[in-house]
């Protein structure tokens with residue numbers, strides 16, 4: 099969905115219209131969209147095109163000063179084209195703390211689950227040189243760790259040490275500190291949709307437009323999705339991925355998030371984010387290059 103929004107914005111910038119048909123082939127659900135480009139009357143990419151190249155994740159603490167009403171209205175307008183998408187925004191400080199704690203429950207599960215631990219550390223890119231070569235993954239500097247924390251995370255990539263850290267309560271301590279960072283924001287938002295593929299695609303488009311708007315306004319932006327997608331695994335029948343205790347943590351955190359945003363039971367949260375004024379991130383991860391195949395019609 100985010101990619102489709104980028105294509106739409108870029109096409110308009112260069113004087114084209116992108117006719118986007120989501121899931122055009124019922125027999126092949128892996129075809130996410132068919133895009134037809136047509137020459138438009140005028141070049142009209144709005145003011146978001148340049149933000150595509152500046153957009154990045156910022157995991158630093160944000161200022162808690164309120165976001166301008168004009169920016170909030172621009173966020174809300176992002177969902178207008180999609181009747182199946184609802185954007186919910188929260189600014190109350192106590193509610194932000196609740197959401198920060200719920201979002202940080204991800205770390206408790208992540209560092210106590212061997213499968214997730216392996217997946218997480220396989221994605222980490224440890225040095226700038228490796229980042230340039232790999233051009234993908236989670237660059238260590240984007241995690242905004244203090245030097246002692248960087249040393250610790252390098253040790254914790256070894257599962258036996260991670261298990262020992264769990265016995266010492268270190269994952270809970272990490273989650274507690276991260277909860278404070280997550281709660282530091284001008285506002286937090288949730289994109290709420292029915293639980294179906296097309297709605298999630300629309301959610302991606304809305305998210306990208308909000309993110310680009312925040313980038314244009316020089317705001318920090320950080321999506322928080324760990325608990326949301328763990329919960330999707332649970333309700334999708336993948337309970338065996340988690341221990342009973344981990345399942346309890348996931349359910350409690352998700353329901354606290356849903357309650358804070360007032361999400362009805364027949365909808366789900368596709369993504370949660372926080373935004374606010376912030377210093378620039380310490381590093382950025384490379385954007386994954388597309389794999390393009392050309393065919394003669």
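In the numbering used here, the protein residues as written are 99 to 395.
All residues carry an ideal CB built from backbone N, CA and C; glycine is no exception.
Since this is a predicted model, take the numbers as computed values, not measurements.
DSSP places residue 189 outside both helix and strand once states are collapsed to three, so it counts as coil. Every unbroken stretch of the alpha helix (DSSP H) spanning 4 or more residues and falling wholly within the segment 146–170 is given here in chain order: 149–152.
Distance from the CA of residue 344 to the CA of residue 335, rounded to the nearest whole angstrom, comes to 15 Å. According to the DSSP secondary-structure assignment, residue 134 is paired through a beta bridge with 117.
Residue range 100–111 is occupied by the alpha helix (DSSP H) that includes residue 111. Excluding sequence positions up to five before and after residue 116, its CB lies within less than 7 Å of the CB of 105, 106, 109, 133, 135, all in the same chain and listed in chain order. In the structure shown, residue 279 falls within a helical segment according to DSSP collapsed to helix, strand and coil. Excluding residues up to 5 positions away in sequence, 223, 229, 381, 383 lie with their Cβ nearer than 6 Å to the Cβ of residue 237 in the same chain. Contact between the segment 246–260 and the segment 184–194 is absent: fewer than 3 CB-CB pairs across the two stretches fall below 8 Å.
If you compare the alpha carbons of 102, 318, 196, 262 with that of residue 152, the shortest gap goes to 318. Between residue 284 and residue 165, the CB-CB gap stays under 7 Å. The segment 274–346 contains, as complete alpha helix (DSSP H) runs of 4+ residues, the segments 295–314, 324–333 (chain order).
Comparing alpha-carbon positions, the option among 353, 114, 149, 192 lying closest to residue 310 turns out to be 149. DSSP lists no beta-bridge partner residue for residue 140.
Under the Cβ criterion (8 Å, minimum of three pairs), the segment 276–290 counts as touching the segment 346–366. Spanning the alpha carbons of residue 258 and residue 220 requires a straight line of approximately 16 Å. Between residue 198 and residue 174, the alpha-carbon positions lie close to 22 Å from each other. Pairing residue 102 with residue 303 gives a Cβ-Cβ distance under 7 Å.
Apart from sequence neighbours up to five positions away, the residues of its chain that approach residue 99 with a beta-carbon distance below 8 Å are 298, 299, 300, 301, 302, 303, 304, 305, 306, ordered along the chain.
Annotated as proximal: residue 376 and residue 156, with beta-carbon spacing under 7 Å. Considering only 210, 373, 141, the residue with the shortest C-alpha distance to residue 265 is 210. Under the three-state reduction of DSSP, residue 207 is assigned to helix.
Across the structure, residue 176 and residue 308 are spaced so that their CA atoms are roughly 6 Å apart.
Shortest Cα-Cα distance from residue 161 to any of 278, 390, 182 involves 278.
Of all alpha-carbon atoms in 392, 388, 125, 394, the one lying nearest the alpha-carbon of residue 234 is that of 388. Counting only residues of its own chain and dropping the five nearest sequence neighbours on each side, residue 200 has a CB closer than 7 Å to the CB of 325, 351, 354, 355. Scanning its chain for C-beta atoms nearer than 7 Å, with the 5 sequence neighbours on each side dropped, one finds around residue 218 the residues 208, in chain order. Taking the C-beta atoms as reference points, residue 280 is found nearer than 7 Å to residue 202.
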